[in-house]
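**Q** Attaching a single structure in structure tokens format; questions to follow.
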Amino acid sequence: MITCVVDYVIDPAKLPDFERFAAAWMRLVQREGGIHHGYFLPAEGASDEARALFSFESLAAYERYRTLFGVDPDFIEADKIRDESGCVVRYRRTFMRPLLPDDEEG
1 MITCVVDYVI DPAKLPDFER FAAAWMRLVQ REGGIHHGYF LPAEGASDEA RALFSFESLA
61 AYERYRTLFG VDPDFIEADK IRDESGCVVR YRRTFMRPLL PDDEEG
């Protein structure tokens with residue numbers, strides 16, 4: 001399993017737009033066979049940080065998902081939310097692998 005961790009710098013004034021963007025991507029990851037662990041948003045006070053975590057069974061499965069960017073109409077629409085609203089200032093993507101307790105490995 002490979003987990004993609006995406007750290008975002010967002011525009012706090014556009015949090016509703018970011019939430020629409022996040023909801024669209026959660027659906028798309030799940031539609032393409034991934035497991036979305038959620039978006040983590042500011043809970044209190046002014047914050048411009050958010051994070052998303054989602055997993056695919058392998059890097060190859062993730063790469064198959066990535067081939068849909070800019071091609072699949074639903075992917076294009078999800079990106080338009082970000083691009084047109086300006087809710088995302090920048091982001092950084094990192095890949096991690098889980099280390100789980102023995103009884104959860106598999």
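Taking full-length UniProt numbering, the leading residue of the sequence shown gets 1, the next gets one more, and so forth. All C-beta atoms in this analysis are idealised placements derived from N, C-alpha and C, irrespective of residue type, glycine included. All figures in this text were calculated on a predicted structure; none of them were measured in a lab.
Which residues mark the beginning and the end of the beta strand (DSSP E) in which arginine 93 is found?
**A** 88-96
**Q** Relative to the C-alpha of alanine 52, which candidate in Glu44, His37 and Arg66 has its C-alpha closest?
**A** His37
**Q** Measuring CB to CB, does serine 55 end up less than 9 angstroms from isoleucine 35?
**A** yes
**Q** What are the partner residues of leucine 53, as DSSP defines its beta bridges?
**A** Val5 and Gly38
**Q** Go to glycine 14, then tell me how far its alpha helix (DSSP H) extends in each direction, as first and last residue.
**A** According to the sequence as given, residue 14 is lysine; it is not glycine. No alpha helix (DSSP H) contains lysine 14, which DSSP labels as neither H nor E.
**Q** Buried or exposed: arginine 82, going by 16 or more other Cβ atoms within 10 Å of its Cβ?
**A** Buried, since its Cβ has 16 or more Cβ neighbours within 10 Å.
**Q** Ignore the nearest five residues each way along the sequence and tell me which others in arginine 93's own chain have a CB closer than 7 angstroms to its CB.
**A** Cβ neighbours of arginine 93 beyond the five flanking positions: Cys4 and Val6.
**Q** So, under 8 angstroms CB-CB, alanine 61 and isoleucine 10 are touching, yes? Tell me the CB distance rounded to an integer number of Å.
**A** With a contact defined as Cβ atoms closer than 8 angstroms, alanine 61 and isoleucine 10 miss out at about 27 angstroms.
**Q** May I ask you to report which of helix, strand or coil DSSP gives aspartate 79?
**A** helix
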